[in-house]
Amino acid sequence: MFWTIAVVLTLVTIAIATYPLMRKERKLDSANAYDMTIYKSQLQEIEGDVERGLIDEAEAEAARAEVARRLIGAQDALEKESETDRKTSDAPASVSQFEGGKSNLRFAVVAIALVIPLLSLGLYFTLGSPDLPAQPLQARLSKPPENQSLTELVASAEMKLAANPDDLEGWKRMAPVYARMRRTDDAIKAYRNILRLEGESVEALSDLGEVLVIKNAGVVNDEARELFQRANLLDATAPKPRFFLAIALGQSGETQDAIEKWQALVADSAEGAPWIPFAKEQIAALKKRDASGSTTEGEQAPPPLAGPSKEDVDNAAELTAEDRQQMIEGMVSNLADRLNSEGGTADEWVRLIRAELVLNRPDMAAKTVTRALDALQSDVDGLEKVKAAARSLGVSIDQ
Numbered sequence: 001m002f003w004t005i006a007v008v009l010t011l012v013t014i015a016i017a018t019y020p021l022m023r024k025e026r027k028l029d030s031a032n033a034y035d036m037t038i039y040k041s042q043l044q045e046i047e048g049d050v051e052r053g054l055i056d057e058a059e060a061e062a063a064r065a066e067v068a069r070r071l072i073g074a075q076d077a078l079e080k081e082s083e084t085d086r087k088t089s090d091a092p093a094s095v096s097q098f099e100g101g102k103s104n105l106r107f108a109v110v111a112i113a114l115v116i117p118l119l120s121l122g123l124y125f126t127l128g129s130p131d132l133p134a135q136p137l138q139a140r141l142s143k144p145p146e147n148q149s150l151t152e153l154v155a156s157a158e159m160k161l162a163a164n165p166d167d168l169e170g171w172k173r174m175a176p177v178y179a180r181m182r183r184t185d186d187a188i189k190a191y192r193n194i195l196r197l198e199g200e201s202v203e204a205l206s207d208l209g210e211v212l213v214i215k216n217a218g219v220v221n222d223e224a225r226e227l228f229q230r231a232n233l234l235d236a237t238a239p240k241p242r243f244f245l246a247i248a249l250g251q252s253g254e255t256q257d258a259i260e261k262w263q264a265l266v267a268d269s270a271e272g273a274p275w276i277p278f279a280k281e282q283i284a285a286l287k288k289r290d291a292s293g294s295t296t297e298g299e300q301a302p303p304p305l306a307g308p309s310k311e312d313v314d315n316a317a318e319l320t321a322e323d324r325q326q327m328i329e330g331m332v333s334n335l336a337d338r339l340n341s342e343g344g345t346a347d348e349w350v351r352l353i354r355a356e357l358v359l360n361r362p363d364m365a366a367k368t369v370t371r372a373l374d375a376l377q378s379d380v381d382g383l384e385k386v387k388a389a390a391r392s393l394g395v396s397i398d399q
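When we follow full-length UniProt numbering, the leftmost residue of the sequence shown carries the number 1, and every step to the right adds one.
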């Protein structure tokens, strides 16, 4: 099959290369013949101008005379040219020259017909692999994964997903691969399938929202914002939803709320978390904007803050499951240390209780309830809020 295709392509190439040499020479019109065509056209245009009233009869007559003079001159020149061509064609030398030209053309055609296939074969046997067996796509995709390229691995996974679109694990494997390959539409499709098959989870909601932000050039649109809000309701300590919700607040002009969200995220994050530099930059930019004063009626509102750069998003996205677990534990530990040393609001204590439960530490959650009730002795409303949250979460209350 390979050699058949190679022969056909070679013949087509030879035909294309030799066609201009084999076709008959077409005599081109001389310059004088072309001039005569132009002058005849000009005479017709003059008649048309007269009919439309663009020129009067006197002007038309003068124009006709000038064009006619040029037409006669071109016709005389063409007749002399034709006479010269006849004399030249009758000369004996012209016959030999013509025959010599035909001979040269034949030689060129034969040379091309020989050189192209010989050169192609030489290059193929030097650079190619004639003995390499055929590798159909299906065979390449059936190789062990460790012997496949990334492109082959992706194609193999896509074939399996096409055959079984309800393969949850397949979508989970491919979604982050698509995101890293910047195939955002495919990544969005993969994360939507994960949500369809598995239901809502903090990770799936956040990852889908993140890919939507990447596709939207860093802007948190309404759909992405809703996804992050739903993820935040499932786990108020998860950093990714908080990260993008803070961005959304800044972009929508909710400056104070955005500052508070960024400050809370920084305070709850472990030292060295990859998003902290970006968060601090956002806080500084928001404070600078807020210091300029709120806009009065009729003034244009300041532009929203820019979204995270590709590097910022990559830093937040490239965490492994183990890294994310350590990150969450660090944030919870920082929040607990701050509340124990400085105290805090009832909402912050409730957030810590929820975080302990997310980390599957019910004993620590119960101890946190006790510490919260001790710290909020003077805040009746706060006490009731903590007790209500503990009861709804199934945490025992000692007092």
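Just so you know, even glycine gets a beta-carbon here, dropped at the ideal spot from N, CA and C. Note that the structure is a prediction, hence the values are computed from the model and not measured.
{"query": "Skipping 5 residues on each side, what residues in its chain have a beta carbon closer than 7 Å to that of residue 365?", "result": "353, 356, 357, 395"}
{"query": "Just to confirm, does residue 234 get its C-beta within under 7 Å of one of the non-hydrogen atoms of the ligand FAD?", "result": "Ligands displayed in this structure: none; no statement on the ligand FAD is therefore possible."}
{"query": "Compare the beta carbon distance of residue 188 and residue 212 with 8 Å and say whether it is the shorter of the two.", "result": "yes"}
{"query": "For a test of the three-state rule: what should DSSP assign to residue 349, helix, strand or coil?", "result": "helix"}
{"query": "For residue 332 versus residue 373, is the C-beta spacing smaller than 8 Å?", "result": "no"}
{"query": "Reducing DSSP to helix, strand and coil, say where residue 219 ends up.", "result": "coil"}
{"query": "Taking only three categories from DSSP, how would you classify residue 198?", "result": "helix"}
{"query": "Please report the Cβ distance between residue 334 and residue 269, rounded to the nearest whole angstrom; I am assuming they are in contact, meaning their Cβ atoms lie under 8 Å.", "result": "7 Å"}
{"query": "Counting Cβ pairs, one atom from each stretch, are 3 or more of them under 8 Å apart for the stretch 157–166 and the stretch 40–53?", "result": "no"}
{"query": "Which same chain residues, not among the five before or five after residue 346, have their C-beta less than 7 Å away from its C-beta?", "result": "376, 379, 382, 385, 386"}
{"query": "CB-CB under 8 Å to residue 165, same chain, minus the five flanking residues each way: which ones, in chain order?", "result": "193"}
{"query": "Going by the CB atoms, is the gap between residue 250 and residue 258 shorter than 8 Å?", "result": "yes"}
{"query": "What's the C-alpha gap between residue 253 and residue 236?", "result": "23 Å"}
{"query": "Just the Cα atoms here: how many angstroms apart are residue 294 and residue 198?", "result": "The predicted position of residue 294 is uncertain, since its pLDDT is 48 and thus under 50; a value taken from the coordinates is nonetheless stated next. Each residue's alpha carbon lies about 45 Å from the other."}
{"query": "Tell me which residues share the same chain as residue 33 and place their Cβ nearer than 7 Å to its Cβ, disregarding the 5 neighbours each side in the sequence.", "result": "78"}
{"query": "Hey, how far is the Cα of residue 263 from the Cα of residue 162?", "result": "45 Å"}
{"query": "Put residue 376 into one of helix, strand or coil per three-state DSSP.", "result": "coil"}
{"query": "Any idea if residue 289 is buried or exposed, counting beta-carbon neighbours within 10 angstroms, 16 or more meaning buried?", "result": "buried"}
{"query": "Please list the terminal residues of the continuous alpha helix (DSSP H) segment that includes residue 361.", "result": "Premise fails: residue 361 is in no alpha helix (DSSP H) and is neither H nor E."}
{"query": "Closest to residue 408 by C-alpha separation, out of 219, 13, 245, would be which residue?", "result": "Not covered by the structure: residue 408. The range shown for the chain is 1 to 399."}
{"query": "Using the beta-carbon count (16 or more within 10 Å), is residue 232 buried or exposed?", "result": "buried"}
{"query": "Can you tell me which of 181, 351, 248, 201 puts its alpha carbon nearest to the alpha carbon of residue 219?", "result": "248"}
{"query": "Quick check: the Cα distance between residue 368 and residue 204, rounded to an integer number of angstroms?", "result": "29 Å"}
{"query": "Output the distance between the C-alpha atoms of residue 177 and residue 196, rounded to the nearest integer angstrom.", "result": "19 Å"}
{"query": "If you draw a straight line from the alpha carbon of residue 67 to that of residue 83, how long is it in whole angstroms?", "result": "25 Å"}
{"query": "Measure the alpha-carbon distance for residue 351 versus residue 151 and round it to whole angstroms.", "result": "44 Å"}
{"query": "Taking the CB atoms as reference points, tell me whether residue 234 and residue 202 lie closer together than 8 Å.", "result": "yes"}
{"query": "I'd like to know whether the C-beta atoms of residue 63 and residue 36 end up nearer to each other than 8 Å.", "result": "no"}
{"query": "Which residue comes first and which comes last in the alpha helix (DSSP H) that contains residue 266?", "result": "255–268"}
{"query": "Given residue 341, which residues of its chain have a CB within under 8 Å of its CB, disregarding the five upstream and five downstream residues?", "result": "none"}
{"query": "Under a Cβ-count criterion, where at least 16 other Cβ atoms within 10 Å of its own Cβ denotes burial, should residue 180 be classed as buried or exposed?", "result": "exposed"}
{"query": "Rank 114, 60, 256 by C-alpha distance to the C-alpha of residue 284 and give the top, closest one.", "result": "256"}
{"query": "With residue 290 as the anchor, note down where its alpha helix (DSSP H) starts and where it stops.", "result": "276–291"}
{"query": "Within 10 Å of its beta-carbon, does residue 343 have 16 or more other beta-carbons around it, so buried, or fewer, so exposed?", "result": "exposed"}
{"query": "Taking DSSP as the reference, what is the three-state secondary structure of residue 65?", "result": "helix"}
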